[in-house]
Amino acid sequence: MRRLGAVLLVLLCASPGARAQTTVAMKPDYRDWGWDALVMENGLITLAVVPRIGARVMQYDLGQHPSIFVNAQELGKVYEPQPDSLWHNYGGYKNWPAPQERWNWPPPPILDGAPYAARVVADTPDSAAVWASSPVGRFTGQYGVFHIGTARLVLLDEGGEVVGQSAPHPVTPLEQFALDETVEVPPGATRVQVRVEGVGVLDELMRR
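Each number in this note's numbering corresponds to the 1-based position in the sequence shown with 379 added.
Below, the structure is given as structure tokens:
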């Protein structure tokens, strides 16, 4: 699998004293949002992935403290992605092609809000992982017509959390795009973003 890029988004490293058993489960109409969510918990962090709206991470809470913005005006809404679709701001963590100058605005709807196929790939007391994959979409950017799809691995362990992403689907032309992450946060929240060249164990998980 040829990867366009890999990004680690590190929001928290929890202390060993905070560790508890890690769980993952699909919860219908989670938090009355109107969407089902894959919810991962480890006693300190609660993380929710919503496959129906681009597999966004729509919750990342440290205890009772949220760190991700959720747009209440878009709760429960879904839109069929079309080439001329308007952008609908759900909030959350999502990934778009980079650099933006090659696709202008809005972001490709097939990546931003299409239903993703999602499955649990790890579920042990020590760790949980969800793999989510988009359809392959066609969109027109500044330099022509492109086809692109993306996949995301969300991993929660007993001590902290890592979100990784890649692009396993064919892209034309491949060398013109990378993937970038966008996180919308509520007022007062802090985000720490780390970009790496090699991801080791993350690569291995993505190949499973």
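Yeah, the Cβ is synthetic: ideal placement off N, Cα and C, and Gly gets one too.
This one's a predicted model, so the numbers in the text were calculated from it and none came from an experiment.
Residue i (DSSP reduced to helix, strand or coil)
i: ILE424; result: strand
i: GLU480; result: helix
i: ILE527; result: strand
i: GLN452; result: helix
i: LEU387; result: With a pLDDT of only 33 at LEU387, under 50, the local geometry of the prediction cannot be trusted, and the value read off the model is given with reservation. The answer is strand: DSSP assigns LEU387 an E or B state.
i: PRO445; result: strand
i: LEU465; result: coil
Short CB-CB distance (under 9 Å) between residue i and chain B
i: GLN452; result: You won't find chain B in this structure, because it holds only one protein chain.
Given residue i as reference, the closest of the options once Cα atoms are compared
i: ALA451; options: GLU537, ALA434 and TYR469; result: TYR469
i: LEU423; options: TRP414, GLN443 and VAL436; result: GLN443
i: ARG435; options: ALA493, ARG517, VAL515 and VAL499; result: ALA493
i: VAL418; options: VAL428, ARG410, TRP484 and TRP412; result: VAL428
i: GLU560; options: ALA416, ALA477 and PRO460; result: ALA477
i: ALA404; options: THR425, LEU490, TRP466 and ASP411; result: THR425
i: PRO460; options: ASP440, ARG498, ALA497 and GLY433; result: GLY433
i: PRO566; options: LYS406, LEU441, PRO445 and GLY413; result: PRO445
i: VAL562; options: THR402, TRP412 and ASP491; result: ASP491
Whole-number beta carbon distance between residue j and residue i, since they are thought to touch under 8 Å
i: ALA530; j: SER512; result: 4 Å
i: LEU532; j: ALA507; result: Not confirmed; about 11 Å, so no contact.
i: PRO489; j: GLY471; result: Sequence inspection shows Ile at residue 489; the Pro mentioned does not correspond to that position. Not confirmed; about 17 Å, so no contact.
i: PRO486; j: LEU465; result: Incorrect: roughly 11 Å between the Cβ atoms, too far for contact.
For residue j and residue i, the rounded distance between their alpha carbons
i: PHE518; j: PRO462; result: 6 Å
i: GLU420; j: GLN400; result: 8 Å
i: VAL449; j: THR503; result: 29 Å
i: ASP505; j: GLU537; result: 5 Å
i: ASN474; j: ARG431; result: 15 Å
i: GLY564; j: GLU453; result: With the sequence shown as reference, residue 564 is identified as Val, and Gly is not the correct amino acid for it. VAL564 and GLU453: Cα-Cα distance of roughly 16 Å.
i: HIS526; j: GLU480; result: 17 Å
i: GLN438; j: ALA416; result: 10 Å
i: GLY516; j: GLY528; result: 6 Å
i: VAL524; j: PRO514; result: 16 Å
i: LEU387; j: TRP510; result: Here LEU387 scores only 33 on pLDDT, less than 50, and its place in the model is too uncertain to base an answer on.
i: ASN483; j: HIS467; result: 16 Å
i: VAL457; j: ASP408; result: 13 Å
i: ARG410; j: GLY455; result: 11 Å
i: THR402; j: ASP440; result: 15 Å
i: TRP414; j: VAL499; result: 17 Å
Residue(s) in a DSSP beta bridge with residue i
i: ASP411; result: According to DSSP, which records beta bridges pairwise, ASP411 is partnered with nothing at all.
i: MET437; result: None, per the DSSP bridge assignment.
i: VAL500; result: According to DSSP, which records beta bridges pairwise, VAL500 is partnered with nothing at all.
i: ALA416; result: LYS406
i: TYR472; result: VAL436 and VAL562
i: GLY516; result: ILE527
i: ALA557; result: ALA477
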